[in-house]
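These notes concern the structure reproduced below.
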Amino acid sequence: MPDSPRPLAGRHVHFNGLGGKGIAPAAALAHQAGMRVTGDDLADNHRTTAFTAEGISVTLGANTSPQGAEYLVATGALPRQMGGPRRMARLEFVQHLLAAHDKKLIAVAGSLGKSTAAALLHRVLTPLAPSAYIGADVPGLLCGGRLAAGEWAVVEACEYQGAYRALAPEIVIALNLVQNHEDDFGPGTAGFERSLASFLTDPPAPPRLAVMPEDVAALLAPRLAGNSSLMLETVGEDADWTIDITGVDPTGTTFHLARHGTHAGTWCIPAPGRHLVTAAACALVTSLHLGVALADSADALAGFRLPRRRMSTMHHDDRLVLIDDNARQPGQAAALLQALRQAHPDRHLVIAVAPWGRKNQRDLGAWALGLSEADTVWVLPVGDAAVPGGEAPDADVRLAELIRLEGTSAYTVRPGSDLPLPTGRRADSLVVATAGYDASLKTFSVLHDQTIAAFGADPAPVA
């Protein structure tokens, strides 16, 4: 844990990997706290550009440790160095800074969807002027970070290698438990169950309240048994807080919440996707515990906008809609497809996927099932993820074969080659969605341009 809080304004902190989505919001917090911020990254991106526009000195091409820096915050991907400034992991630094400003933390944890859920929570808590550390490009925040006047701070809590153990939250939202980070937790979910239960119960500073879906609570129940200090609130169909979806249209979803049968309110999420309802329900339960009025949370939620690369529209006309999303697990891909069906019910739905990882092989059967609700699937090459410990070089071919066995048209696609555009009914009205890691952004961009050219459409993107 970090040492006792001290005034930080004017102190020099340097960030290695400044353009990374986990480091950038920490740097934004430091900048807004009045610290002297410098940073570096191996290559430029939209985040380093944003920091340069803020007057922050950014070095490109190498990771450095500048003379006189008191703190060095680095991504876990970089090797540790001996000597020099005090080195801190990103969440250790975030805890240190927020504690120095007397903030109470709400940690958003889970296997998937933490950034979107944290952005939802931050929006719902608007009446309380919350601070934020979110690993995504959230509208209205500087690279996912904000230091605000209110007493609460929303923090996306990364579980990988126990990073969230640096935090001391008063409230935890635990979204889901699915197999992920097998190189750290092992196969299945038992490893993460142990880690999350420890995060919720172990001293020195366990939270006082946890909010989670009922299925997560059921998985954690054996590990939380006998803990009387943690207040647990569940959401779901047969939970403390029940969800009743009352309206679904292309623009969003309306739902009720009731606590033990007593109606608590009605809200509307202005974005398609039933998966957002659970995240919003957890956020709203938290807001009610903190005293936010129903009308205020409803007004705040009405202004919610998804973070960048969460069903982001890249192009839209009568014949072609292009969507980009960071879906990189089968469940995320299935949720994206459901949301696209809701938003564009009359269009032929094509999804182009690059799910490949360098540390763990994908479960191709689960991916085939998750993608089966598309009309057409384009599977992109494995590329440089074909490394020891990563993917097999022919994983794209095998995935396409498995998708076809599920009854869905599937093709392996090489960007730059001819695209297998659908024919027949609805073929002149398409949604094409790209889904996968940020590392595939250049490939996705080529595919976007190629698809637009194939339709003879105006190449100007939609903001």
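Going by my numbering, the first residue of the sequence shown is number 1312, and it counts up by one from there.
The beta carbon of each residue, even a glycine, is placed where N, CA and C say it ideally should be.
Model, not experiment: these values are computed from the prediction.
- VAL1384 has its alpha-carbon roughly 39 Å from the corresponding atom of GLY1563.
- Under the DSSP assignment, LYS1415 falls in the beta strand (DSSP E) whose first and last residues are 1415-1420.
- With the rule of 3 Cβ pairs closer than 8 Å, the segment 1397-1417 counts as touching the segment 1336-1350.
- Membership of THR1553 in the beta strand (DSSP E) is indicated by the continuous run 1552-1560.
- Excluding the 5 residues flanking it on each side, PHE1503 has same chain C-beta neighbours closer than 8 Å at SER1422, GLU1470, LEU1488, ASN1491, HIS1492 and PHE1496, in chain order.
- Sixteen is the threshold: when 16 or more other Cβ atoms of the shown chains lie within 10 Å of the Cβ of ASN1327, as they do, the residue is buried.
- DSSP, read as helix, strand or coil, puts SER1756 in helix.
- Annotated three-state conformation of ARG1505 is helix, per DSSP.
- Non-local C-beta neighbours of ALA1532 in its own chain, meaning closer than 7 Å and more than five positions away in sequence, are absent.
- In this structure, GLN1649 is the residue among PRO1618, GLN1649, PRO1515 and TRP1552 with its C-alpha nearest to the C-alpha of ASP1560.
- Out of GLY1330, SER1751 and VAL1465, the CA that lies nearest to the CA of ARG1358 is found in GLY1330.
- Non-local beta-carbon contacts of GLN1472 in its own chain, meaning distances under 6 Å to residues more than five positions away in sequence, involve ASP1495 in chain order.
- Between TYR1722 and VAL1743, the CB-CB gap reaches or exceeds 9 Å.
- Within the segment 1345-1409, the runs of beta strand (DSSP E) that reach at least 3 residues and sit entirely inside it are, in chain order, 1347-1352, 1368-1371, 1382-1384 and 1397-1399.
- Using a C-beta cut-off of 8 Å, the segment 1583-1600 makes contact with the segment 1430-1446, since at least three inter-stretch Cβ pairs fall below that distance.
- Separation of the CB atoms of TRP1667 and LEU1612 is rounded to 35 Å, and the pair is thereby denied contact status at 8 Å.
- In the three-state reduction of the DSSP assignment, PHE1326 falls in the strand class.
- Counting only runs of 3+ residues, the beta strand (DSSP E) found wholly inside the segment 1625-1696 occupies 1631-1636, 1659-1665 and 1687-1690, in chain order.
- Taking a cut-off of 8 Å on C-beta distances, the segment 1674-1688 touches the segment 1708-1720, as three or more cross pairs fall below it.
- A Cβ-Cβ distance of about 7 Å is found for the pair GLN1653 and GLY1584, placing them in contact under the 8 Å criterion.
- Comparing C-alpha distances from LEU1752 to each of ASN1356, ALA1604 and PRO1450 shows the shortest one belongs to ASN1356.
- About 24 Å separates the beta carbon of LEU1713 from that of THR1762, a gap too long to meet the 8 Å contact definition.
- Contact annotation: the segment 1447-1463 touches the segment 1341-1352, with at least three C-beta pairs closer than 8 Å.
- Contact annotation: SER1376 and GLY1350 have beta-carbon atoms that are not nearer than 9 Å.
- A residue is called buried once 16 or more other Cβ atoms fall within 10 Å of its Cβ, and GLU1548, having fewer, is exposed.
- Under DSSP, SER1720 shares a beta bridge with THR1687.
- Only residues of its own chain outside the window of five on either side were considered, and among them GLU1493 and ASP1494 have a CB closer than 7 Å to the CB of ASN1671, listed in chain order.
- Listed in chain order, the beta strand (DSSP E) runs fully inside the segment 1419-1490 are 1442-1444, 1463-1467 and 1482-1485, counting runs of at least 3 residues.
- Considering only PHE1566, ARG1673 and TRP1552, the residue with the shortest C-alpha distance to GLY1558 is PHE1566.
- Beyond the five residues adjoining it in sequence on each side, HIS1412 comes within less than 6 Å, by CB distance, of no other residue in the same chain.
- For HIS1571, the three-state secondary structure derived from DSSP is coil.
- Per DSSP, reduced to three states, the secondary structure at GLU1702 is coil, with no helix or strand assignment.
- Inter-residue distance for GLY1321 and SER1623 is about 37 Å (C-alpha atoms, whole angstroms).
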